[in-house]
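Number of protein chains: 2
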Amino acid sequence: MAAARNRKTPARKAAARARNGRERILDAAERLFAQRGFYGVSLRDITQSAGVDVALVGYHFGGKHELFTAVFERRAGVLNRERLELLEEVRRSARPGAPALEAIISAFTRPLLERSARGGAGWKSYFALVAYVDNSPEFGPQLMTRHFDPLVERFIAVMREALPHCPPREIYWGYQFLTGALTLTFAETGRIDQLSGGLCRAADLDGVHERLAPYVAAGLRALCARSAPAVRPGKRLERRSQPRR
Amino acid sequence: MAAARNRKTPARKAAARARNGRERILDAAERLFAQRGFYGVSLRDITQSAGVDVALVGYHFGGKHELFTAVFERRAGVLNRERLELLEEVRRSARPGAPALEAIISAFTRPLLERSARGGAGWKSYFALVAYVDNSPEFGPQLMTRHFDPLVERFIAVMREALPHCPPREIYWGYQFLTGALTLTFAETGRIDQLSGGLCRAADLDGVHERLAPYVAAGLRALCARSAPAVRPGKRLERRSQPRR
DNA sequence: GTCTATAGCTTGATAGAC
DNA sequence: GTCTATCAAGCTATAGAC
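Protein chains in written order, with our numbering: chain X, 1 to 245; chain D, 246 to 490.
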């Protein structure tokens, strides 16, 4: 046990091989689930693509559902840690005031778009899978809620600081519109390429990143203004002064 | 042939039964495909739920893929006709100027949200199915493009009239964000209910309707302002005058 | 138009050898 | 940890009776 630290003992070799087998199944599953959803892929498709035997899925994960969950969980932690750090950084550098809405939204989206653009094929697939899950009545409520909502709550809390006079309800709606726009982007169906005659490319995630924050920030401000007209200092607010029609 | 107009001849009875069988398959397929996607549902699930035999699918539609397409096509026509009418109405009442952005967006979304809210269970399922298809790398590019993009092009053309100084590229991106927000809304996964602690309800489509147009309009204007700073009359535009940082 | 019956595959899971 | 072998169940599609 004390002998070789950096030589591959049989135990270490076995462990390495195990990790490889397991990871290769996860990689293949990630890619295929992202393309055709949970039911559109068989365990045989996955293990064949991974170059291992079907029975390994049972050994490593239990069953198909557990494999799906494992794929979804694998990258969620890394992602959320970074996003939380970024959020705290944005808060710190804005002190003692509240951060700008654009900075908050950018901290929310940048780690995702950055990885989808330059993190490699695995990350690209992962986000397409998130798009699938987020829009699925079957998996969305369970998986998104469990793995992303704790983080989302933090972001929304900071958004409320940035929009102190805005009813929280408006911020939740604004967040839902944001996440819808974001997940459709991740799906990268290429529809916008065709629609725009090549003027926009679905794969241009940098383009999305620079546009999404101003778009969403302006949208949120419009929702707030709509439900809580700005109170001008020095003038007491007049309620119910809107025209009837 | 000339005899009974309002009595059910054998031929009429058979035709009625046929339409019922066919329509019942379509209804059941619509509901189930919306819940679990194309691969998550078997023809047996569908025909059992419709109370007919599996073989009828082959007779009426050919195969599973054709059934899926038929479900998707069935309501697209009605929808697009109404939306086009609404768009023309909005244009007419704005003449000789261009319509307000909010009015254009509302004409785009209202027929959808209205039917999803009050059109019955079939329509509700249909829009959840659209959410599935729009986010699917497999079906989206084909079905959305074919059945909705011709209409979308009309809407975008009018948006360009409403934003004459905005680069078309920005309008396409703005549209993609709109459609992402809209389709996630249709999926009605209930995630926002839980996230907001009941403050917002996914099923509150009237709430979405009144918020989506101002949100998207403000977002679009922000995108335009960003790339083409407003030219104030009486002052020639200064290009590249933005601060470096 | 509708059903029965069935052909021919593929599916997820698992017992057991190595 | 990995594979071989096998299972019962479910799948789509279709030929043919009514």
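For every residue, glycine included, the Cβ atom is placed at its ideal position computed from N, Cα and C.
Predicted, not measured: the structure shown is a model, and the values here were computed from it.
Assignment of R24(X) by DSSP, reduced to helix, strand and coil, places it in the helix class.
Counting C-beta pairs closer than 8 Å gives three or more between the region 177-188 of chain X and the region 417-433 of chain D, which meets the contact rule. Against chain X, a Cβ distance below 7 Å from I437(D) picks out Y172, Q176.
For the region 365-416 of chain D, the continuous alpha helix (DSSP H) assignments of 4+ residues that do not extend past its boundaries occur at 366-379, 390-407, in sequence order. By the criterion of a C-beta distance shorter than 7 Å, E330(D) is surrounded by no residue of its chain, once the five residues flanking it on both sides are discounted. Taking 8 Å as the CB threshold, D134(X) lines the interface with chain D. Shown here, C469(D) sits in a helix according to DSSP, grouped into three states. Note on R83(X): 16 or more other CB atoms within 10 angstroms of its CB, so buried under the neighbour-count rule. Interface annotation, C200(X): in contact with chain D, CB-CB separation under 8 Å. For the options A222(X), A107(X), A117(X), the alpha carbon positioned closest to that of V152(X) is the one of A107(X). Within chain X, not a single residue places a beta-carbon under 7 Å from that of L388(D); the smallest gap is close to 10 Å.
Here DSSP, grouped into helix, strand and coil, assigns D53(X) to coil. Shown here is that no member of the region 315-336 of chain D has a Cβ falling below 9 Å from a Cβ of chain X. For R201(X), the secondary structure class from DSSP, reduced to helix, strand or coil, is coil. For R289(D), the closest Cβ of chain X is not nearer than 8 Å.
In the structure shown, the three-state DSSP call for E188(X) is coil. At a beta-carbon threshold of 9 Å, none of the residues of chain D lie near Y126(X); the nearest stands roughly 14 Å away. Its chain contains G174, F177 as the residues whose beta carbon lies nearer than 7 Å to that of G219(X), once the 5 sequence neighbours on both sides are disregarded; these appear in chain order. In the structure shown, F61(X) falls within a helical segment according to DSSP collapsed to helix, strand and coil.
Between Q194(X) and T434(D), the CB-CB gap reaches or exceeds 8 Å.
Note on the region 64-102 of chain X: whole alpha helix (DSSP H) runs with a minimum of 4 residues are 64-94, in chain order.
E30(X) sits away from S136(X), with the two beta carbons spaced by 8 Å or more. Note on H392(D): 16 or more other CB atoms within 10 angstroms of its CB, so buried under the neighbour-count rule.
With fewer than 16 other Cβ atoms from the protein chains shown falling within 10 Å of its own Cβ, E73(X) counts as exposed. For a cut-off of 8 Å, the C-beta gap from Y284(D) to G77(X) is around 29 Å, too long to register as a contact.
Among the residues of chain D, those whose CB is under 8 Å from the CB of S196(X) are P413, R414, Y417, following chain order. With contact defined as three or more Cβ pairs closer than 8 Å, the region 152-167 of chain X and the region 394-413 of chain D are not in contact. DSSP places V208(X) within a helical segment (H, G or I) once states are collapsed to three.
When DSSP states are grouped into helix, strand and coil, S116(X) belongs to the helix group. Proximity of chain D to P214(X) at the Cβ level (cut-off 8 Å) is accounted for by G464, A467, L468, R471, in chain order.
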